[in-house]
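Just below is one structure, and these are the notes that go with it.
Protein chains: 2
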Amino acid sequence: MAAATAPSTASDGANGSAAGKAHQVGAPTNPMATALLTDQYQFSMAYAYWKAGKHADRAVFDLYFRKNPFGGEFTVFAGLEECIKFIANFKFTKHDILFLQSVMPMCEDAFFDYLRKIDCSDVEVYSIPEGSVVFPKVPLMRVEGPVAVVQLLETPFVNLINYASLVTTNAARHRHVAGKSKDLLEFGLRRAQGPDGAISASKYCFMGGFDATSNVLAGNLFGIPLRGTHSHAYVSSYMSRDEIPDKALTSKDGSRVCKDFVSLVKEWLQKILLADSLCGVFGETNQSELAAFASYALAFPSNFLALVDTYDVMRSGIPNFCAVALALHDLGYKASGIRLDSGDLAYLSIEARKVFRAIEKEFNVPAFGKMIITASNDLNEETIDALNKQGHEVDAFGIGTYLVTCYSQAALGCVFKLVEINSRPRIKLSEDVAKVSIPCKKRCFRLYGKEGYPLVDIMMRESEPSPKAGERILCRHPFLESKRAYVVPQHVEELLQCYWPGTSNKPRVELPSLEEIRGRCMQQLEKLRPDHIRRLNPTPYKVSVSAKLYEFIHSLWLNEAPVGELQ
Amino acid sequence: MAAATAPSTASDGANGSAAGKAHQVGAPTNPMATALLTDQYQFSMAYAYWKAGKHADRAVFDLYFRKNPFGGEFTVFAGLEECIKFIANFKFTKHDILFLQSVMPMCEDAFFDYLRKIDCSDVEVYSIPEGSVVFPKVPLMRVEGPVAVVQLLETPFVNLINYASLVTTNAARHRHVAGKSKDLLEFGLRRAQGPDGAISASKYCFMGGFDATSNVLAGNLFGIPLRGTHSHAYVSSYMSRDEIPDKALTSKDGSRVCKDFVSLVKEWLQKILLADSLCGVFGETNQSELAAFASYALAFPSNFLALVDTYDVMRSGIPNFCAVALALHDLGYKASGIRLDSGDLAYLSIEARKVFRAIEKEFNVPAFGKMIITASNDLNEETIDALNKQGHEVDAFGIGTYLVTCYSQAALGCVFKLVEINSRPRIKLSEDVAKVSIPCKKRCFRLYGKEGYPLVDIMMRESEPSPKAGERILCRHPFLESKRAYVVPQHVEELLQCYWPGTSNKPRVELPSLEEIRGRCMQQLEKLRPDHIRRLNPTPYKVSVSAKLYEFIHSLWLNEAPVGELQ
């Protein structure tokens, strides 16, 4: 429902072509992603270009980043769909124009007439598919179009790609350390950076390999599976079993009614506390917790999952949970499991598993030992890694703060640099070589080796012939002369695809579904050589330029050197 | 425009009272802040409460945090207005209910009838005023109402307060280290966590003491002043002055027209390069940069601000800027200044200032030496502190990534804990004492000393008499028996005010404007004892409970101890 107004915002534009495309692509997920969501200086520049008659100059910009996040050697590219939706709906409303006039009173009226008319029908967007594994310096997107318009896209594009790619990468890293067999649940809504930070986090964590989210709105918007259990407050809200007015529970098959489920639970609790195999494990348990668990089971007999650490996990939470689970079992239901939200998760999960197994044996309840143990409480890559090293019995991890805020590195430094204008290549120099941009409108290829792993990415000038499988090609480091190697690829993949053809009549790649993008991400990570992805001292993946592009970069660099000529 | 649909979403609710209030308060800034923006388990709990007939039990929850962020000893509270707007508009749409039914097929239909009917007309919200300086453990908000409804507010409230308070605090810390006289500009849009992360950042950085933002949409939504200059791409987009078709500029007073402003600039550049006092400072400059500056000045003669580091600050950017600024001066205009975005900002600002002063003297241009120098490039608290220690000539700081993502600590751990239900106090225990909640519906006071500084915050049971100025009162640490002190306040301030009276008929405090909240924040920070606010080893501010509340906490703690009684 949130995005319902955006298409009409776009359709008040006079130009039918962009609005027509908008209709196919849909509105941005976030209704605040409007054409005003940009930096003020982009409008200043648009005005200066317009004043100088340069606004329609054909510019080519590359969007890329310079360094992989989280100390790793890979990044997952995400946010493309939102960028395409953004340009499909890009149009200034009357309200926008009035506001811009009020904050830029020095600008001529004719400039605002120009702004009123622009859309992205004349812009072309080439992009690596969303969900791909990507590396520094290689353009994730190449955006071509009238310089004033494309400049207005810089800030929103960087905004939409930066956090999306960062959090998808973070999710993929969590998936890698947790292993394929564990369930990963995103619990970040309360700690995310605002409502939309949370919604984006849920979407992109799912893309990066998570299984579910607790965020209901994200479930609604993207169809992501929802998961979660009750909180401590639910347990605290109960004082005793007298607060449960209706204690009856019908058995799963509907054949009988247990009139007092709570008494059945109490009977089981007695048996657990007296059982030989569990002897000494338990003292007496907290009765308000027991009441809370019983009432929760009455509401969710087929999905009973209890948070067991409100009072004391081993002395109260576990026996109370087991009593309720056994009572449910009597009536044909199967409890889901427990969640641990504090304490030593490795130790507690192992002890809980022992009890579940002992109960399976003692009371002959098949599969009780396999009860799902979910762990939460400030988990991140490091703590999961530490749990793995210690040994644990956790089946599912609920991860919030560190995942969604990307706590260990809260931003990916995406940039958007001019590489060509009116067919003239441009370079951005810097005393820091890492900040020098790679000029020219480029094509980019990923070269695969015999074993199916990608070997190297190569950027070339647009006019150069594509690399071919089985043909030797020289790959050079863009800046270091001595770093170069011949590669004979077994397979060649062109990276940049056309997602928004503008007026070029190139075939447009359709936007895939979230599930498809997630699948691509999983598949690409599996194809990557394991040493690029490992946590400790990963090997950098090689990114190169063709010999021709190398020569060109360095000749342009000389021409643009700090000291120019006086005309 | 983004928020335009939210009121109608609210008004489809049947209950006129909440919708009526909604009308006064307005819609949430972010249209995605809808009633579905919560954790799935809040709905599970709502159902379990409803099944047990407990949903209308009157619950009291406290929202608070446990530790000040960024290694500091203070926090600025923000996000209240968005919470009040959220509850004013809290209502499930038909679409929401259909979705909830689809993901909770195990719930009875009558529960969804219940959800259809609920709103926040029966909820009371008491809060510390937005923009106040706050401390750990003291409730920022107290929310009372039917337990199932208030539980649904937990996640959105924590989401809306957490990042808002964190980034406002971060902004206030940057203001503190930069000093009052510097201009602080928020440049975070491109690196923020999504569109709304950016918009919130702009709002709350302004609240925390920033002067302006580059984010146009935030300027539009909140009336925050907009600032910014061109980017490197603008400079790179020019090759030579031939690209400026119309070189004429009318003088500021309109009395004459300079037909070739670019030639005037070139004349000034020659004079600068030949001037005795500047001798040896400059070589020759980059001509495409000069063309870009001249064209920008033609568009913005009254607001000329140039980014001077595209090629080489001292050898190209500064002399090119000065030539354009002097040419503008000939025509009665005053240039604004420069921005440095790379290199040694302390050194470059000092060298640039020397040149500006030399030009003032050499060419007798009054105030040229006072040209505004703005610095950007990955600035944060530490780098500004380091610049201050080295000495610099920067007048304005443009701060992005580290500010808006709260890079050094990306989340504030706000929690929302049940403290009372049906007038019975509740406590959440934990093996970690810092995580034990302070039970009871409480009133909170700030006690001020003779010098006007706040001395201590005290929480008391609602039934206790308020502390009075001039009367001695015992303030106890909530958990450590030995920590206690008598205080005689000079002035007493009650912290929690009624912002949403529900059905209580208490007078409601109106929501202040953003400017007023910003003023409150500035004033509160000035009133704070300097040792609480300093960067290095700040003194913790004391937070206490009354003797009566202390006794009560500890008796309840004993009662709720892990081992309970079997009934």
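Taken in sequence, the protein lines are chains A and B.
Sequential numbering from 1 applies to the first sequence in the numbering used here.
Sequential numbering from 1001 applies to the second sequence in the numbering used here.
Even glycine gets a Cβ: it sits at the ideal position worked out from N, Cα and C.
Just so you know, these numbers come straight off a predicted model, no measurement behind them.
Alpha-carbon spacing of residue i relative to residue j, whole angstroms
i	j	result
A1297 (chain B)	A52 (chain A)	11 Å
K271 (chain A)	F222 (chain A)	46 Å
A1410 (chain B)	P1512 (chain B)	28 Å
E243 (chain A)	A291 (chain A)	8 Å
E1393 (chain B)	L1063 (chain B)	43 Å
D531 (chain A)	T75 (chain A)	14 Å
S61 (chain A)	K428 (chain A)	The question names Ser, but residue 61 (chain A) in the sequence shown is Phe. Going by the C-alpha atoms only, they are around 12 Å apart.
K1506 (chain B)	S1202 (chain B)	33 Å
K67 (chain A)	T169 (chain A)	13 Å
G1391 (chain B)	G1452 (chain B)	33 Å
V433 (chain A)	D119 (chain A)	36 Å
P467 (chain A)	C475 (chain A)	11 Å
I517 (chain A)	M459 (chain A)	24 Å
F368 (chain A)	A335 (chain A)	9 Å
F1445 (chain B)	S1316 (chain B)	59 Å
K117 (chain A)	P454 (chain A)	45 Å
F77 (chain A)	E1108 (chain B)	42 Å
Candidates the options: closest to residue i by CA position
i	options	result
I318 (chain A)	A:D39, A:M371 and A:C444	A:M371
I1087 (chain B)	B:A1292, B:R1227, B:V1433 and B:F1157	B:F1157
N559 (chain A)	B:G1369, B:V1456, B:Y1311 and B:A1335	B:Y1311
F210 (chain A)	A:G519, A:K441, A:I350 and A:M141	A:G519
E1420 (chain B)	B:C1444, B:R1142 and B:A1352	B:R1142
L1166 (chain B)	B:A1323, B:V1404, B:Y1041 and B:V1308	B:V1404
G470 (chain A)	A:S463, A:Y486 and A:E464	A:Y486
Y41 (chain A)	A:L418, A:E154, A:I97 and A:F206	A:E154
V257 (chain A)	A:D96, A:L331 and A:P195	A:L331
Q101 (chain A)	B:E1144, B:L1556 and B:V1216	B:V1216
E362 (chain A)	A:L278, A:L379 and A:H230	A:L278
F99 (chain A)	A:F135, A:P136 and A:A35	A:A35
P1478 (chain B)	B:F1300, B:H1554, B:A1323 and B:L1152	B:H1554
Rounded Cβ spacing between residue i and residue j (contact assumed at less than 8 Å)
i	j	result
V147 (chain A)	K54 (chain A)	6 Å
Q1524 (chain B)	S1132 (chain B)	6 Å
F1397 (chain B)	K1266 (chain B)	Wrong, their Cβ atoms sit about 33 Å apart, outside the cutoff.
N377 (chain A)	D341 (chain A)	5 Å
L1184 (chain B)	R1175 (chain B)	6 Å
L480 (chain A)	R443 (chain A)	At roughly 22 Å, the Cβ-Cβ gap does not stay under 8 Å, so L480 (chain A) and R443 (chain A) are not in contact.
Proximal residues of chain A, C-beta to C-beta of residue i below 8 Å
i	result
F1300 (chain B)	S44, Y47, A48 and M106
I1084 (chain B)	Going along chain A, no residue has its Cβ under 8 Å from I1084 (chain B), so there is no contact; the nearest lies around 15 Å.
Beta-carbon neighbours of residue i, restricted to chain A and to distances below 7 Å
i	result
F1099 (chain B)	N220
T1155 (chain B)	L189 and R190
Q1193 (chain B)	Y163, Q193 and G197
Chain-ordered neighbours of residue i on chain B, where CB pairs are closer than 9 Å
i	result
K441 (chain A)	What K441 (chain A) touches in chain B: nothing, since even the nearest Cβ is about 14 Å away.
Own chain, CB closer than 8 Å to residue i, minus 5 neighbours either side, in chain order
i	result
P1225 (chain B)	D1211, A1212, T1213 and G1219
R1508 (chain B)	C1498, Y1499, W1500 and P1501
S1546 (chain B)	I1458, M1459, M1460, R1461, E1464, I1473, L1474, C1475 and R1476
Spatial neighbours of residue i in its chain, beta-carbon cut-off 6 Å, leaving aside the 5 residues before and after
i	result
C1083 (chain B)	F1157 and L1160
T1503 (chain B)	D1122
Y402 (chain A)	N380
R353 (chain A)	E393
Other residues of its chain near residue i: CB distance less than 7 Å, five sequence neighbours each side excluded
i	result
F321 (chain A)	F293, A306, V308 and I338
E981 (chain B)	A question about residue 981 (chain B) goes unanswered here, because the residues of chain B that appear run from 1001 up to 1567.
S437 (chain A)	K417, V419, I427 and K428
Beta carbon proximity, residue i to chain E, threshold 8 Å
i	result
I438 (chain A)	This model lacks chain E altogether; the protein chains it does include are A and B.
Partner residues on chain B for residue i, Cβ-Cβ distance less than 8 Å
i	result
T229 (chain A)	Y1041 and S1044
P245 (chain A)	A1052 and G1053
N170 (chain A)	Per Cβ cutoff of 8 Å: no residues; N170 (chain A) is ~11 Å from chain B at best.
Neighbouring residues, chain A, relative to residue i (Cβ below 9 Å)
i	result
G1223 (chain B)	Under the 9 Å cutoff, chain A gives no residues; its nearest Cβ is about 10 Å from G1223 (chain B).
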